[in-house]
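See below for the structure under consideration.
Number of protein chains: 2
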Amino acid sequence: MLTGEMFIGAARVTGSGKEVFSRDPRTGEELTPGYRYGGTAEVSRAAALAEEAFDVYRATDSTSRAAFLERIADEITALAGPIVERAVLETGLPQARLTGEVARTTGQLRLFAATLREGSWHGARIDPAQPGRAPLPRADIRQRRVPLGPVAVFGASNFPLAFSVAGGDTASALAAGCPVVVKAHDAHLGTSELVASAVRAAVVACGLPEGVFSLLVGDGPELGTMLVADPRIQAVGFTGSRGAGLALVSAAASRPQPIPVYAEMSSVNPVVLLPGALAARGAELGTAFVGSLTLGAGQFCTNPGLVLAVEGPGLDEFVSAAAEAVRGDAGGTMLTLGIAGAYAGARDRLAGRPGVVELARGEAGSSAACGGAALLTVDGSRFTAELQEEVFGATSLVVRCADQAELLGVVRALAGQLTATVHAVESDEPLAAALLPVLERKAGRILFNGWPTGVEVGHAMVHGGPFPATSDSRTTSVGSLAIERFLRPVAYQDVPAALLPPVLRDGNPEGVWRRIDGELSRD
Amino acid sequence: MLTGEMFIGAARVTGSGKEVFSRDPRTGEELTPGYRYGGTAEVSRAAALAEEAFDVYRATDSTSRAAFLERIADEITALAGPIVERAVLETGLPQARLTGEVARTTGQLRLFAATLREGSWHGARIDPAQPGRAPLPRADIRQRRVPLGPVAVFGASNFPLAFSVAGGDTASALAAGCPVVVKAHDAHLGTSELVASAVRAAVVACGLPEGVFSLLVGDGPELGTMLVADPRIQAVGFTGSRGAGLALVSAAASRPQPIPVYAEMSSVNPVVLLPGALAARGAELGTAFVGSLTLGAGQFCTNPGLVLAVEGPGLDEFVSAAAEAVRGDAGGTMLTLGIAGAYAGARDRLAGRPGVVELARGEAGSSAACGGAALLTVDGSRFTAELQEEVFGATSLVVRCADQAELLGVVRALAGQLTATVHAVESDEPLAAALLPVLERKAGRILFNGWPTGVEVGHAMVHGGPFPATSDSRTTSVGSLAIERFLRPVAYQDVPAALLPPVLRDGNPEGVWRRIDGELSRD
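Chains as they are written, first to last, in our numbering: chain A, 1 to 523; chain B, 1001 to 1523.
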């Protein structure tokens, strides 16, 4: 079923570069077929087709684009069996998790379809003419949002479906009216090919221009930079490491015409345990925490890598229970041999920092790409900036603070985060209230009495946050708000009725919410 | 009344650097008092105060912030006499224009006050919990927008009020809940001091922390870069030249934590004259065009520096009438001697480009900073990228295209613009319809049968556009949408009711529009 080819518009293409193979991280074995890297020619052709498709694609109405996204979801669902089977081989993730991820991916596509149909995405605003206004009449001014242009999307290793070929970045860019050129992640090339074939089938079924979607295979830094530098690409979506993300940010900023990069990069997702919650359920929290820490071998962007607490009743119980759970953990298969190696290095580096003590280590497991959990601790007085570097995997650091002032100091010293979690009972509310404004400046999502892993896909979700969690805190990469990343406003002044976009016409033919002289209305 | 001091929070401060004077551009004379440049100490102190004020200021509710903005407007109105008097001396702009600009400035402040009261700026979204959902219950997730942090604003030379100390950038940043540190433009230091005193009076009257507003005086590149590099500054608003704007973009990108820069830079604002309109009223359009071209000595960001037309009936009449109007123009006073010199140089450089022919030149006028209008022309076949560089002043280039294909080719070759104007009659609509999608990709505002100068301040306005018109096309620097530049979303998951921001509480105590499970509602 797999051919080892890329999709450049309608053409299935074999690159002329190095041949690479995804590997089964459980065994280290190469998985066939091989995929040859593409280069300048493939990037240029995909970008040219995307540019060629842009005007036709963006002129489609919300209903057609919604139908397209739903068709992609249907095509993925139809291929779910082979997709999951291949993804298990390529990622070592359990079948149940990948089956869930298929549902999440199709759910995202359907969410954006619903967002399109609802229509507020247009950002329609009308300030009607005031011909009699003194001293000068007011022109008729109308505003809507238009898509930015072709978007480059980079598949992520840790979500082979939901953040990859037809993941959130692709879904939101396509929803916005932007053609997408995806760079497949080397860790799951076969899964990428399968999902791309589903997208391609939907492009054909919906009669859209071929350039709406392409899938490239190539060297990350080399082909990635080439793609971001291509003058036809107008925005970038990325989920991955800080190093790779910043390289794309820098490539985008060095273009003659700079473009936005939405890079979701690194976060240690602090969990703050308040005294009342610790006293009430320290041990229970310790066990539950390790459940979140070791989920998916700790390979979530929202993995809780940092726990902060003040010395007091329940903290020892928390630590003991967490240590016991870590010791009892059977270890997991990491996504790639490279990630497993990087994890072990980063974990040991953190464990060796001054003042850091290792409390427990879990089983490594028997996979080629094994990664055992680790629990470390440090005194709040010795907390430094280097202790908040992300360790991608199931390692967490418990920071024991002498008092609330020290705790607040540590929180204030944190860099930007995707999430910040607070465990609190009612008696903790005054301290929680003092903490909240500090956390609001640090994180894109603040959660109480839960765990940060598990990112709900909905309208209110924010999966984003201040640098270095992302390169652009003004948005989210999960949830319906993500469509706004790929849009810009245009104003139409005294444009003849026949030439106005339908959404801005008198009588509101699309029946969407619009802002008339600043007031929302569906009339 | 003027002291020659900066405002660093509550303190009036004299810098220790070079003493500079604004000059009367009509005479070239220095205007007292002198202002001494500040440096590191002043930047650092202003940024520290802004950071200190941020949490208190952002916690104010919409009503209080609206009252603050209105109070600034009232204080400016109360000082309007001295402000206009000084601004006339410093800018050479006519009193009537500056009186209008006071009204525009206070109008902007009031528009943002109304935007705050309306409440949609919060971006409130609620996805209620679904405890019974299978396979996993859904948490309660709520979203609102929070301000980014202290904002640096750079006063613009060409709008000493509306784009300066209390101009659109300041008004929108303050509305968003961000303290503002303004760098005064050297061309109107006295006007800046007066307006700053009005803002300062409002800060005091509203009982806000002093750091909410500071005004710095200093060397543009040096102090400007220092300000943008200060770790406490979280966003930048700028209107000015491409060189200065790009320097700030680069300074912001080089920070350990990059921040957004909203730089409104350069635009030639193409005007496309379609055949029917030319045939119907070529001469009339020529005269009206020069009215827009020479308004304010051509010193508007939206000045029409490029006219595109196809050879045919009416084009000669347009050109003749325009040339006659340019010849009859008495010349204007430019904002500074430096701008006048740069204008003359850029005009002559453009006039000397291969294929460019000078059709007419106006009187230079008798001001020290005089700037005479010029009308140039070139054949469409000889149009090159260098012919679309902005000439800041009353020079425009008429591009005569052999046919519609050549016209469309020239339009497609244009860089990003603030505006694009089309003159058309009904018979032109097919061509206009073909042109519109091309213009949508080039400009932030498309207008028909008018002139681009004159930017309405309202809800639907877009004063922005693709690079190099601005450094960030996703937004506008004029109109109520501008508030969004200084906000980022935060999600609150299972946050206890008592700790939720009021706008996200059950029962909608603020009575604003919110998106509940994706549907807008005021319940």
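Glycine included, C-beta positions come from ideal geometry on N, C-alpha and C.
Keep in mind that this is a model prediction, so the values were computed, not measured.
Residue i at chain B interface by Cβ criterion, 8 Å
i      : result
E389/A : no
E429/A : yes
F163/A : no
E456/A : yes
L481/A : yes
F448/A : yes
V462/A : yes
G276/A : no
I126/A : yes
Integer Cβ distance of residue i from residue j, believed to fall under 8 Å
i       : j       : result
P1509/B : P1502/B : 5 Å
G1067/B : C1206/B : Reading off the sequence shown, one finds Ala at residue 1067/B, where the question assumed Gly. Correct: roughly 7 Å between the Cβ atoms.
T99/A   : A73/A   : Not really, about 15 Å apart at Cβ, beyond 8 Å.
V1410/B : L1308/B : 6 Å
T1476/B : W1451/B : Going by Cβ atoms, the distance from T1476/B to W1451/B rounds to 19 Å, so no, they are not a contact pair.
G237/A  : A297/A  : At roughly 25 Å, the Cβ-Cβ gap does not stay under 8 Å, so G237/A and A297/A are not in contact.
G286/A  : A325/A  : 7 Å
L89/A   : L31/A   : 6 Å
L1335/B : N1158/B : 6 Å
Chain A residues whose Cβ lies nearer than 9 Å to that of residue i
i       : result
T1476/B : Q143, P489, A491
D1055/B : P437, V438, R441
G1444/B : R488, P489, V490, A491
Identified DSSP bridge partners for residue i
i       : result
K18/A   : For K18/A, which the question treats as bridged, DSSP gives no partner whatsoever.
M6/A    : V13/A
T191/A  : T191/A pairs with nothing; no bridge assigned.
E1519/B : I1516/B
H1423/B : L1273/B
R1125/B : Q1143/B, R1515/B
A1360/B : L1375/B
P256/A  : According to DSSP, which records beta bridges pairwise, P256/A is partnered with nothing at all.
C401/A  : V310/A
Cutoff 8 Å: residue i Cβ touching any chain A Cβ
i       : result
A1253/B : yes
H1459/B : yes
F1318/B : no
F1213/B : no
I1233/B : no
V1503/B : no
R1138/B : yes
Contacts of residue i in chain B (Cβ-Cβ under 8 Å)
i      : result
A114/A : G1518
Chain-ordered neighbours of residue i on chain A, where CB pairs are closer than 8 Å
i       : result
E1118/B : G518, E519
Chain-ordered chain A contacts of residue i [CB-CB under 7 Å]
i       : result
F1467/B : Q257, P258
V1146/B : E440
L1499/B : E429, A432, A433, L436
Chain-ordered neighbours of residue i on chain B, where CB pairs are closer than 9 Å
i      : result
P496/A : A1424, E1426, E1429, A1432, F1448, N1449
S471/A : P1258
Proximal residues of chain B, C-beta to C-beta of residue i below 7 Å
i      : result
W513/A : L1520
> Is the stretch 1175-1186 of chain B touching the stretch 1257-1271 of chain B, taking contact as three or more C-beta pairs under 8 Å?
Replying inline: No, because fewer than three Cβ pairs between the stretch 1175-1186 of chain B and the stretch 1257-1271 of chain B fall closer than 8 Å, the two stretches do not touch.
> Touching or not, the stretch 282-297 of chain A and the stretch 309-318 of chain A, by the rule of three or more beta carbon pairs under 8 Å?
Replying inline: yes
> If we count Cβ pairs, one from each stretch, closer than 8 Å, do we get three or more for the stretch 1168-1181 of chain B versus the stretch 1196-1212 of chain B?
Replying inline: yes
> Counting Cβ pairs, one atom from each stretch, are 3 or more of them under 8 Å apart for the stretch 396-408 of chain A and the stretch 1466-1475 of chain B?
Replying inline: no
> Given 8 Å as the limit, is there contact between the stretch 1360-1375 of chain B and the stretch 1047-1059 of chain B, that is, 3 or more CB pairs closer than that?
Replying inline: Judged by Cβ distances under 8 Å, the stretch 1360-1375 of chain B makes no contact with the stretch 1047-1059 of chain B, as fewer than three pairs qualify.
> Within the chosen definition, does the stretch 1007-1021 of chain B reach the stretch 1036-1051 of chain B through at least 3 CB pairs nearer than 8 Å?
Replying inline: yes
> How do the stretch 1479-1496 of chain B and the stretch 447-461 of chain A stand: do at least 3 beta-carbon pairs fall below 8 Å, yes or no?
Replying inline: yes
> Given 8 Å as the limit, is there contact between the stretch 452-461 of chain A and the stretch 1116-1133 of chain B, that is, 3 or more CB pairs closer than that?
Replying inline: yes
> Are the stretch 152-169 of chain A and the stretch 1478-1490 of chain B touching, with three or more C-beta to C-beta distances below 8 Å?
Replying inline: Touching, no, given that fewer than three Cβ pairs across the two stretches are closer than 8 Å.
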